[in-house]
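Inspection log for the structure reproduced underneath, given as C-alpha cells.
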Amino acid sequence: MNYYQEITLLPNADINFYFVWQKLYQQIHIALAEHKTAGDASAIGVAFPEYNADKYTLGTKLRLFAEDGKSLEQMQCEKWLNRLSDYVHLNHIKPVPEKLAGHACFKHMKLKGNKGKLARRRVKRKGETLQQALSHLENFEEQRSNLPYINMTSQTNGQRFRLFIEKQVMEHPQTGLYSCYGLSNTTTVPLF
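First residue of the sequence shown? That's 3 in the working numbering, and the numbers climb one at a time after it.
In C-alpha cells, the structure reads:
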C-alpha cells in the first residue's frame, strides 16, 4: 500500500461519534462496493489508527489505503462524504511514509447469533420443527464480544447488525484484496 487518505471525525456536541461512525462507514462501504474488483473484493483497505480494543474504541480517524493514488481518486470520497461535511474532515491523498510502525490486518469478527435466531433459520432451511432445531442447538453457547464495532444497516435486506472489528498486528506485510468493508483476515495495511 503506497497511498492513503485520512478521514477525521470532528467533535460535535450535538451528535456522538458512534452515530457519525455509522453514517461514515455506511458511505465508505457503498463507495467500496461501487468500485469493487471482479471477484466482489476491493483493492482499497482501511485502518483505524487510534484503534484501542482495551477501551473498546475505534478512535476518531479512518485511513483508506491503495497501491496507487489513482484508485483513491477514482473512489471520489468527497462525493460519498458530501452529506457528512459538518462531521468529518477529509484530507488529500498522500504517499505512505517510509518509516512505518508495522503492519496489521483489520478483520470483521463474525459472532454466532443467538440460539432462537439460529433455530428459526434451521427450521426454514432444513424443514425441521422448532423443537427439533432447538434440541440440535442444545449445547450452543452464544458468543459475545468486547471488540469495537460500528452499527451498520444491510443494503440488501435492511437489517441492522454490528460490524465488530479486530486488529491483528503482523510481522510482515501481506498483499491481496479486501472485502467491500475494506477489511481482510490476511491482507495488511501499514501502521504509522
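Note that the Cβ used here is the ideal one computed from N, Cα and C, for glycine as well.
Query raised in the report: Between the beta-carbon of Q24 and the beta-carbon of I152, is there less than 7 Å?
Result: yes
Report task. Could you please give the first and the last residue of the uninterrupted alpha helix (DSSP H) stretch that includes F163? Result -> Unbroken run through F163 is the beta strand (DSSP E), 162-172; no alpha helix (DSSP H).
Query - Distance CB(L60)-CB(F67) smaller than 7 Å - result: no
Query raised in the report: Cβ atoms of A135 and R124: under 7 Å apart, would you say?
Result: yes
Query - Pick from D88, E36, A45 that is closest to A15, judged by C-alpha positions - result: Restricting attention to D88, E36, A45, the CA atom closest to the CA of A15 is found in D88.
Query raised in the report: Do the segment 99-109 and the segment 177-193 meet, that is, are 3 or more Cβ pairs less than 8 Å apart?
Result: yes
Requested in this report: In angstroms with no decimal places, state the Cα-to-Cα distance between Q2 and N18.
Outcome: Any answer about residue 2 is impossible in this case: the structure gives the chain only from 3 up to 194.
Query raised in the report: Excluding the five sequence neighbours on either side, which residues of its own chain have a C-beta within less than 8 Å of the C-beta of V98, listed in chain order?
Result: M3, N4, Y5, Y6, F67, P192, F194
Report task. Out of S181, T155, E173, Y20, state which residue places its alpha-carbon closest to the alpha-carbon of K63. Result -> Ranking the options by Cα distance to K63, first place goes to Y20.
**Report entry** Reference Q28; option with closest CA among L132, E140, N148, R164
**Finding:** R164
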